[in-house]
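Asker: Numbered according to the working numbering, the sequence shown terminates at residue 348, and the numbering increases by one at each position without gaps. Note that the Cβ used here is the ideal one computed from N, Cα and C, for glycine as well.
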Amino acid sequence: MVLSYINLGLIFIFGTALGSFLNLVSDRVVKGGKIVADHSKCDKCGEELKPLNLIPVISFLVQKGKCSYCKTGLSWYHPFSEVLAGLFLVLAATLSKFSFFEPFSVSTLVGFLFLAVVFSFFEILLLTDLKYLLVPDKIVVPAIIFVALFNLSTTVINLYEYRDRLQNDDFGRYLLKAGFFESQVETAVRSLGFNFVSAIAIALFFFFIVWVTRGRGMGGGDIRLGLLVGLVNGFPYNLLAVFLGFFIGAVVSIGLVLSRKKTLKSVVPFGPFLILGSLVAFVWGIEILNWYLNLS
């Protein structure tokens with residue numbers, strides 16, 4: 053139990069460092085500038101930041117939320133992005149059962165790395181939408197390609213490994229002759245097809261909203277984000293993710309209007325709500341759908 057907490061603590065710390073980088077990416081992918089080669093600088097005075105200024109969360113607290121050179125107030129997006137990435141990596145490790153202190157299989161490591169990459173894409177897109185009301189193609193398109201290729205390749209690899217296990221077993225060879233493997237291939241292809249078709253359907257639904265509202269209700273970037281969420285969650289959980297995104301967005305928007313922090317004409321980014329819906333569906337999708345079906 054102690055090692056489990058230490059493991060998650062180490063992963064969280066690494067995640068906070070990753071979050072600092074993801075926050076930088078979210079700015080430079082919109083404003084321009086080199087992402088890797090450039091040194092971190094103060095947005096106001098342009099002074100190059102030293103290593104002591106870049107310790108995740110701690111530097112922000114020690115500096116009391118101000119630049120140590122020009123004393124300009126720093127954005128709360130700095131600690132927010134660092135803590136968020138830390139939580140994302142902890143979630144990835146928990147879902148994949150990855151630990152530095154326990155033996156893990158290749159599939160466990162691959163699962164952890166896949167979730168870490170997907171959650172990193174999610175964080176960048178969440179930050180760009182919150183800051184600039186943008187879902188940049190430079191991030192969402194590579195994310196779509198990455199998830200699509202991962203889903204396709206894992207399906208092929210799993211089928212290949214399954215066939216190999218059948219060939220090395222007496223009863224398995226009998227199943228191969230009986231056509232059992234072909235039925236498994238058909239099931240896997242059908243499942244993959246449902247995932248891709250439902251993801252495209254979500255993107256088309258968002259496209260319809262953009263067309264009907266002439267871009268006022270939703271932006272073009274949300275269409276591609278819908279496609280990404282559709283691929284990440286898979287059918288039928290991607291439909292649940294979209295429903296939760298709209299539901300959470302509606303609740304938050306109504307709350308902002310009632311508290312007079314926003315008006316009915318204010319623009320509220322939809323991307324963060326869709327990403328949150330995707331995460332909730334990813335973690336608790338089975339439980340939510342079972343609960344709903346039991347109510348019916």
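#1: DSSP state of residue 245, grouped into three classes?
#2: Taking the C-alpha atoms as reference points, what is the distance between residue 321 and residue 267?
#3: Considering only the alpha carbon of each residue, which of 270, 279, 287 and 66 lies closest to residue 301?
#4: Does the separation of the CB atoms of residue 251 and residue 283 fall below 8 Å?
#5: Spatial neighbours of residue 298 within its chain, please: C-beta separation below 8 Å, excluding the five flanking residues on both sides.
#6: If I measure Cβ to Cβ from residue 224 and keep anything under 6 Å in the same chain, skipping five residues before and after, which residues do I get?
#7: Based on the DSSP secondary-structure assignment, which residues constitute the bridge partners of residue 100?
#8: For residue 238, count neighbouring Cβ atoms within 10 angstroms of its own Cβ and tell me buried if that reaches 16, exposed if not.
#9: Once DSSP output is grouped into helix, strand and coil, what is the label at residue 125?
#10: Going by C-alpha to C-alpha distance, which of 176, 262, 209 and 118 sits closest to residue 158?
#11: When the Cα atoms are used, what is the spatial distance from residue 277 to residue 331?
#12: Candidates 244, 265 and 275: which alpha carbon is nearest residue 259's?
#13: For residue 229, which beta-bridge partners are listed by DSSP?
#14: Here's the rule I'm using: 16 or more other beta-carbon atoms within 10 Å means buried, otherwise exposed. How should residue 197 be labelled?
#15: So is residue 230 buried or exposed if we call it buried at 16+ other beta carbons inside 10 Å?
#16: Identify, in the order they occur along the chain, each residue of the same chain with its Cβ nearer than 7 Å to the Cβ of residue 182, setting aside the five sequence neighbours on each side.
#17: Once you ignore the five residues that flank residue 169 on each side, which residues in its own chain have a CB closer than 7 Å to its CB?
Answerer: Per the coordinate set shown:
#1: In this structure, residue 245 counts as helix in the three-state DSSP scheme.
#2: 12 Å
#3: 270
#4: yes
#5: 325 and 329
#6: Around residue 224: 218.
#7: 93
#8: exposed
#9: Three-state DSSP puts residue 125 in a strand.
#10: 209
#11: 13 Å
#12: Residue 259 has its Cα closest to that of 275, out of 244, 265 and 275.
#13: Beta-bridge analysis with DSSP links residue 229 to no other residue.
#14: exposed
#15: exposed
#16: 321 and 324
#17: Short of 7 Å from the beta carbon of residue 169, and not among the five residues preceding or following it, lie these beta carbons of its own chain, in chain order: 198.
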